[in-house]
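First the structure, in the form of structure tokens, and then the observations on it.
So this is what it looks like as structure tokens:
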């Protein structure tokens with residue numbers, strides 16, 4: 717496989733960096749090709765703007781998604797964006813690795829998504845989304861560390877159920893783009909672990925990655941599960957954390 | 717009330733800007749004091765780094781949240797962060813206004829959250845979170861535009877239910893910090909609306925804001941709803957989009 721790891725952590729001596737290094741060495745030892753986008757080390761600019769396009773279809777007022785569509789057709793993205801799009805399209809497996817900040821990715825990684833998951837390539841007109849998304853045929857997973865404890869992300873846990881917390885990423889970003897989603901790897905309560913536990917996390921992550929090609933993807937819906945009103949057809953049972961049957965009267 | 721509107725849109729001639737302008741004029745006409753942080757206009761830096769602190773407790777390796785805690789005690793945040801913290805603490809109502817990008821806020825606004833919702837002030841040790849959070853006594857709401865249609869965010873809609881999509885913001889960011897959450901204002905299918913519909917959205921938003929002090933907040937759980945294991949106590953019924961009773965065997 718070609719694996720793209722997009723990594724965001726401000727500190728090169730962090731446990732996050734140790735996880736990254738272990739993942740690269742493991743994947744390479746399994747015969748995969750690995751590309752890493754280390755966003756902090758690259759000084760990646762996360763702020764979407766008109767400068768993201770070398771020519772503009774609508775120069776008077778920025779319509780970001782429409783300029784993305786145009787640039788997808790004419791290859792007129794700024795160099796830093798095109799380089800990341802090329803890596804993305806070349807991968808079979810995308811891993812986003814980060815510390816969980818405010819129930820999501822750090823801003824520098826959100827900006828990578830905003831600027832690189834472009835209209836016209838990753839999703840777009842003609843129903844190019846979900847199982848018909850531009851990244852179909854590829855898989856993706858989140859790998860993150862967090863200060864919270866496992867019980868907090870249980871369905872009845874303080875922070876809410878894990879797949880609801882991650883919905884905007886796993887369903888909204890990965891799923892929408894056509895990526896099939898693997899279960900996340902989570903390094904829990906990382907501020908409160910000792911050296912032995914950290915080594916255990918590294919070994920657990922290595923174990924996951926060694927068997928990653930055999931893993932089942934998470935359940936998701938097909939576009940054909942939804943009617944022309946964009947609602948689940950009446951015979952389709954909801955099977956994700958973010959879908960449920962609308963109650964009568966809704 | 718003191719209202720802080722944090723606004724992120726790259727285009728000053730956008731409908732988003734029209735919404736912002738209408739919200740400011742409406743709130744002022746109601747007698748409120750309004751502060752606006754226009755992140756694109758300010759050139760706000762969204763990338764959390766060691767430069768966010770004028771002195772470091774752990775200079776060898778950046779531990780971002782621990783430096784935030786130290787800076788909260790010693791007032792040693794970088795100027796741009798301290799200015800935003802001051803606005804945040806002075807407000808009674810926080811509004812985040814933005815175009816919904818990838819089921820979340822644009823990166824520049826995620827960076828405002830990462831850098832301004834600081835450990836030791838907004839949340840922290842001693843159980844300072846949720847109804848005991850640092851921003852308790854204040855309210856917050858999301859106001860956003862999106863290309864999607866209303867049916868898509870219904871419980872059985874293509875994108876998943878709205879409060880699951882927004883969970884990381886409404887529960888994870890607002891709720892965790894002690895903010896009570898008002899229903900979001902959503903400008904749906906904004907790319908596909910005509911001038912009349914856009915005026916209707918502006919009027920609807922104005923109407924919301926004129927009655928905003930009387931609105932009920934969204935249901936949430938109290939810290940005391942959870943046991944020492946961080947799970948909902950057995951007699952407490954889940955009442956949010958992100959909590960459900962764990963199934964036997966979970």
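Residue numbers (the working numbering), protein chains in the order written: chain A, 717 to 966; chain B, 717 to 966.
Beta carbons are placed, not taken as given, at the ideal position from N, Cα and C, and that holds for glycine.
Keep in mind that this is a model prediction, so the values were computed, not measured.
As assigned by DSSP and simplified to three states, the class of residue i
i: residue 859/B; result: strand
i: residue 930/A; result: helix
i: residue 754/B; result: strand
i: residue 741/A; result: helix
i: residue 728/A; result: coil
i: residue 885/B; result: helix
i: residue 820/A; result: strand
i: residue 848/B; result: helix
i: residue 890/B; result: helix
i: residue 815/A; result: strand
i: residue 947/B; result: strand
i: residue 880/A; result: helix
i: residue 923/A; result: helix
i: residue 936/A; result: coil
i: residue 830/B; result: helix
i: residue 959/B; result: coil
Residue of the options minimising C-alpha distance to residue i
i: residue 814/B; options: 721/B, 750/B, 941/B, 769/B; result: 721/B
i: residue 859/B; options: 718/B, 727/B, 734/B; result: 734/B
i: residue 717/A; options: 925/A, 875/A, 947/A, 957/A; result: 925/A
i: residue 828/B; options: 875/A, 762/A, 758/A; result: 762/A
i: residue 726/A; options: 921/B, 766/B, 739/B; result: 766/B
i: residue 756/A; options: 950/A, 732/A, 851/A, 772/A; result: 732/A
i: residue 907/B; options: 948/B, 853/B, 861/B; result: 861/B
i: residue 871/A; options: 886/A, 957/A, 941/A; result: 957/A
i: residue 843/B; options: 737/B, 740/B, 951/B, 940/B; result: 940/B
i: residue 959/A; options: 798/B, 915/B, 867/B, 773/B; result: 867/B
i: residue 781/B; options: 878/B, 764/B, 795/B, 791/B; result: 764/B
i: residue 864/A; options: 863/B, 787/B, 841/B; result: 841/B
i: residue 789/A; options: 950/A, 772/A, 778/A; result: 772/A
i: residue 752/A; options: 927/A, 951/A, 807/A; result: 807/A
i: residue 955/B; options: 876/A, 779/A, 794/A, 820/A; result: 876/A
i: residue 946/A; options: 927/B, 869/B, 946/B; result: 869/B
i: residue 816/B; options: 884/A, 793/A, 816/A; result: 884/A
Length of the line joining the Cα atoms of residue i and residue j
i: residue 936/B; j: residue 825/B; result: 24 Å
i: residue 750/B; j: residue 834/B; result: 22 Å
i: residue 901/A; j: residue 918/A; result: 11 Å
i: residue 911/A; j: residue 729/A; result: 14 Å
i: residue 933/B; j: residue 953/B; result: 18 Å
i: residue 966/A; j: residue 943/B; result: Any answer about residue 966/A is weak, because its pLDDT of 43 lies below 50 and its placement is not dependable; what the coordinates show is given next. So the two alpha carbons sit approximately 33 Å from each other.
i: residue 719/A; j: residue 811/A; result: 7 Å
i: residue 854/B; j: residue 744/A; result: 51 Å
i: residue 948/A; j: residue 873/B; result: 6 Å
i: residue 747/A; j: residue 758/A; result: 26 Å
i: residue 739/A; j: residue 801/A; result: 22 Å
i: residue 774/B; j: residue 929/A; result: 40 Å
i: residue 968/B; j: residue 895/B; result: Past the boundaries of the shown model lies residue 968/B; chain B is included only from 717 to 966, so the question cannot be answered.
i: residue 856/B; j: residue 886/A; result: 26 Å
i: residue 737/A; j: residue 818/B; result: 28 Å
i: residue 809/B; j: residue 799/B; result: 17 Å
i: residue 791/A; j: residue 797/A; result: 11 Å
i: residue 920/A; j: residue 882/B; result: 31 Å
i: residue 913/A; j: residue 905/A; result: 10 Å
i: residue 899/A; j: residue 830/A; result: 23 Å
i: residue 922/A; j: residue 878/B; result: 36 Å
i: residue 951/A; j: residue 951/B; result: 33 Å
i: residue 777/A; j: residue 787/A; result: 16 Å
i: residue 794/A; j: residue 741/B; result: 38 Å
i: residue 820/B; j: residue 909/B; result: 22 Å
i: residue 805/A; j: residue 805/B; result: 44 Å
i: residue 779/A; j: residue 888/B; result: 30 Å
Anticipated Cβ contact below 8 Å, residue i with residue j, distance rounded
i: residue 783/B; j: residue 760/B; result: Not confirmed; about 20 Å, so no contact.
i: residue 822/B; j: residue 724/B; result: 5 Å
i: residue 785/B; j: residue 836/B; result: 4 Å
i: residue 897/B; j: residue 890/B; result: 5 Å
i: residue 893/A; j: residue 851/A; result: 4 Å
i: residue 849/A; j: residue 838/A; result: 7 Å
Identity of the residues DSSP links to residue i by a beta bridge
i: residue 809/A; result: 719/A, 855/A
i: residue 1005/A; result: In the structure as shown, chain A starts at 717 and stops at 966, and residue 1005/A therefore has no counterpart that could be examined.
i: residue 825/B; result: In DSSP, residue 825/B forms no bridge with anything.
i: residue 896/B; result: 855/B
i: residue 839/B; result: 835/B
i: residue 769/A; result: 793/A
i: residue 902/A; result: 860/A
i: residue 873/B; result: 947/A
i: residue 942/B; result: 948/B
Cβ-based contacts, 8 Å cut-off: residues of the region 729-745 of chain A near chain D: Chain labels in this structure do not include chain D; the protein chains are A and B.
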